[in-house]
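J.: Starting off with a structure, shown below.
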Amino acid sequence: MRLLSEDGGPAGPSLVYPDLAAEVSRREAAGSPRWVWAAADEAYPWLLDRGAPRLARCHDVKLVEGLLLGHEGRHRRPRSLGAAWARLEGRPEPEDPPESGADDQPVLFAADRHRLPPDADPLTALVAVHAAQQRRIAGSGHPERMRLLCAAESAGALAAVEMGRDGLPWSARVHDDLLTGLLGPRPAGGARPAVLGDLALRIQDALGAPVNPDSPAQVLPAFARAGVHLASTRSHELRGVEHPAAALLLRYKELSRIHAAHGWAWREAWVRDGRFRPEYVVGGVVSGRWATRGGGALQIPRLLRSAVVADPGHRLVVADAGQLEPRVLAAMSGDVGLARAAGEGDLYAALARDAFAGDRPRAKIGLLAAMYGQTSGEAGQLLAVMRRRFPAALALVESAARTGEAGGVVRSRLGRTSPAPSADRFRDDTADPDDGASPDRRAARSWGRFTRNFVIQASAADWALAMLAALRRRLAGIGPEPRLVFFQHDEVIVHTPAELAGLVADAVTAAGDEARRLVFGPVRVLFPLQTHVVECYADAK
DNA sequence: AGCCTACGCGCC
DNA sequence: AAAGGGCGCGTAGGCT
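Heads up: the first sequence begins at 58 in our numbering, then just goes up one per residue.
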């Protein structure tokens, strides 16, 4: 195993260590190095498997390359170390390898893993690409912001590996009791629970026709024959239907979804040793949100959250940033009225009091419409109120929408950049504004809604990532036991010995403040993290 | 059989 | 006048 010596630099010698994990351990304890590697999702599990400690900091070349390419308007170029190095050398770029799950790649800087040509020395390439990335960061419009973004993204990569390995505490017994209560005893051989078959029969009786309740193509005509004309079989539409089959179908949908998506088969696939271990994909969403592979980790139904139970003597510290996106809009736009509302704990209530005659639901709809670009129904009217009372906030989102409609790109607070619209999804026809309903125009408006939301969602992700990185560092300061076990957009769960839960809760609050300061500077907007110390996730709401 | 899209629903 | 953002993943039903 090789490691670049401290005084090495691009031309310096590399050192060879028979036991790299031990050397990494020694250096991590001796100082606070920032480890530079091609991709944390490959190198870090490999090191942890061999006894390396948790590492404080890293620079993930692949993730940083993705951020820089996006910022430079080259979203679709390959991001691997080999591709970045080939661009530096003026060689043809290799395609990125297909994303895949964990593997047992036995070496850290193996050329083929990163699409390096056979004659390239991986360590030389890594050093050269890292240096070039530092120059590109320094040359970006806001170097401090881009540096922070790259550091937070890289820290996120460490947290993602750790969370995927630690897993979310999951009680098979509680889960089983829930399933049995809803679906009856587990049928043998993966068969459909009797409750579902029974509901299907009752639906057929009610409709007077044999239908598969899972098939909208069969259900719609069956309802039509019964005199009920529906545009779709979506739940919100069925809820307004008097026909007895509607209620039965709604119950069927609810239960069959639990069975199919989070039933016994799901648990056998994803829960081992009392832990649900999804694979987090950092940078999996262009806005900077994480994705997951397998297990649907970002959609754990509320109904099943009672199965998330702390170990004996432990607690879950559950923290979520309420109303994050409107607070982000307030902080970024500097809108005086919205910032005043965002200086309070319940932003929507403050907004309602200040501008919507105390009607909180209408205030919420108006604000969401501004951020999502909704104008149908009541939203259009509420939007007019928003525009009059919060002009700076509306100007920000509407400017982002216009940029997108014209084919331009927008950036988050820290510089994460929206992709340019692809030619097949978008053609600019602003020269022909009278043709209001043309497919091209609709596509442009759709892209405008995307960029409108991007500036908010991506800046919220900036904050969340900075918060996660700060929290991870603060938890390490408490000790080895408190562990991040879940992260979902604006929510984190820490699993900790009960006696440390108070310290963990304090660390959460401090991390939120730190993220606000780092990402948005000295703004009055609050980003409150609601923190609950519980034994069971379901008790946190 | 595998691959693709449409639909629908869970989460934020 | 009208225009609701981002995901993962299940089944159905068509295709090769």
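In this text, a Cβ means the ideal position worked out from N, Cα and C, and glycines have one as well. This structure is a prediction, so every number in the text was calculated from the model and none was measured.
Leaving aside the five residues before and after P476 along the sequence, list all residues of the same chain whose C-beta is less than 8 Å from its C-beta, in chain order.
T.: G127, H132, R133, V343, V466
J.: Under DSSP, the alpha helix (DSSP H) around T460 begins and ends at which residues?
T.: It spans 448-462 - the alpha helix (DSSP H) in which T460 sits, taken as one unbroken run.
J.: Measure the C-alpha to C-alpha separation of A281 and D271 and round it to an integer number of angstroms.
T.: 17 Å
J.: Which partner residues does V474 have in the DSSP bridge list?
T.: According to the sequence shown, residue 474 is Thr rather than Val. According to DSSP, T474 bridges with R468.
J.: On the three-state DSSP scale, how would you describe F584?
T.: coil
J.: For A518, count the other beta carbons within 10 Å of its own beta carbon; 16 or more makes it buried, fewer makes it exposed. Which is it?
T.: The residue in question, A518, is buried, as its Cβ has 16 or more Cβ neighbours within 10 Å.
J.: Could you check the C-alpha separation between P174 and V73 for me, to the nearest Å?
T.: 22 Å
J.: How about A558 and A527: are their beta carbons less than 9 Å apart?
T.: no
J.: Which partner residues does E548 have in the DSSP bridge list?
T.: D377
J.: Say yes only if the C-beta of E325 is nearer than 8 Å to one or more non-hydrogen atoms of the ligand COA, and no if none qualify.
T.: The ligand COA is absent from the structure shown, which contains no ligand whatsoever.
J.: Following the continuous beta strand (DSSP E) through W23, name the residue where it begins and the one where it ends.
T.: Given that the chain is displayed from residue 58 to residue 598, the structure contains no residue 23 and the question cannot be resolved.
J.: Helix, strand or coil, according to DSSP, for T553 in the structure here?
T.: strand
J.: Three-state secondary structure (DSSP) at Y74?
T.: coil
J.: Would you mind stating whether L307 and S292 have Cβ atoms separated by less than 9 Å?
T.: yes
J.: Would you tell me roughly how many angstroms separate the C-alpha atoms of D234 and V184, rounded to the nearest one?
T.: 54 Å
J.: Taking contact to mean 3 or more Cβ pairs, one atom from each stretch, closer than 8 Å, check whether the segment 427-438 and the segment 391-408 are in contact.
T.: no
J.: Starting from E336, trace the beta strand (DSSP E) in both directions and tell me its first and last residue.
T.: 336-338
J.: State whether the segment 453-462 contacts the segment 326-342, with contact taken as three or more CB pairs (one from each stretch) at a distance under 8 Å.
T.: Taking 8 Å as the limit for Cβ pairs, the verdict is that the segment 326-342 does not touch the segment 453-462.
J.: For T553, count the other beta carbons within 10 Å of its own beta carbon; 16 or more makes it buried, fewer makes it exposed. Which is it?
T.: buried
J.: Could you check the C-alpha separation between L215 and A97 for me, to the nearest Å?
T.: 7 Å
J.: Go through its chain and collect everything with a Cβ distance to H371's Cβ below 7 Å, but skip five positions before and after it.
T.: H552, T553, P554, A555
J.: Kindly identify the DSSP beta-bridge partner or partners of F543.
T.: I550
J.: Return the CA-CA distance between V252 and F577, expressed in angstroms with no decimal places.
T.: Annotation: V252 to F577 spans about 52 Å, alpha carbon to alpha carbon.
J.: Below 8 Å on the Cβ atoms is my guess for H116 versus S197; work out the distance and round it to an integer in Å.
T.: Actually they are not in contact, since the Cβ atoms of H116 and S197 sit about 16 Å apart, beyond 8 Å.
J.: In the DSSP assignment, find the beta strand (DSSP E) that holds W347 and state where it starts and stops.
T.: Element bounds for W347: n/a, residue is neither H nor E.
J.: Tell me the residue span of the beta strand (DSSP E) that contains W94.
T.: Element bounds for W94: 91-94.
J.: With DSSP as the reference, please indicate the residues paired to L386 in a beta bridge.
T.: DSSP, once it has assigned bridges, lists no residue as partnering L386.
J.: What's the C-alpha gap between D176 and E592?
T.: 55 Å
J.: For D117, which of helix, strand or coil comes out of DSSP?
T.: Reduced to three states, the DSSP call for D117 is strand.
J.: So the candidates are L145, R445, Y429, L583; which of them puts its Cα closest to the Cα of R502?
T.: Y429
J.: Say whether the segment 375-390 touches the segment 503-515, bearing in mind that this needs 3 or more beta-carbon pairs closer than 8 Å, one atom from each stretch.
T.: yes
J.: Please go through the same chain and pick out, in chain order, the residues whose beta-carbon is closer than 8 Å to the beta-carbon of R259, but skip the five residues on each side of it.
T.: L305
J.: Measuring CB to CB, does A378 end up less than 9 Å from A387?
T.: no
J.: For G353, which option in R91, R249, P135, F543 has the closest C-alpha, if you only look at C-alpha atoms?
T.: F543
J.: In angstroms with no decimal places, state the Cα-to-Cα distance between A263 and P250.
T.: 21 Å
J.: Fully enclosed by the segment 236-298, which alpha helix (DSSP H) runs are 4 residues long or longer?
T.: 251-264, 273-282, 292-295
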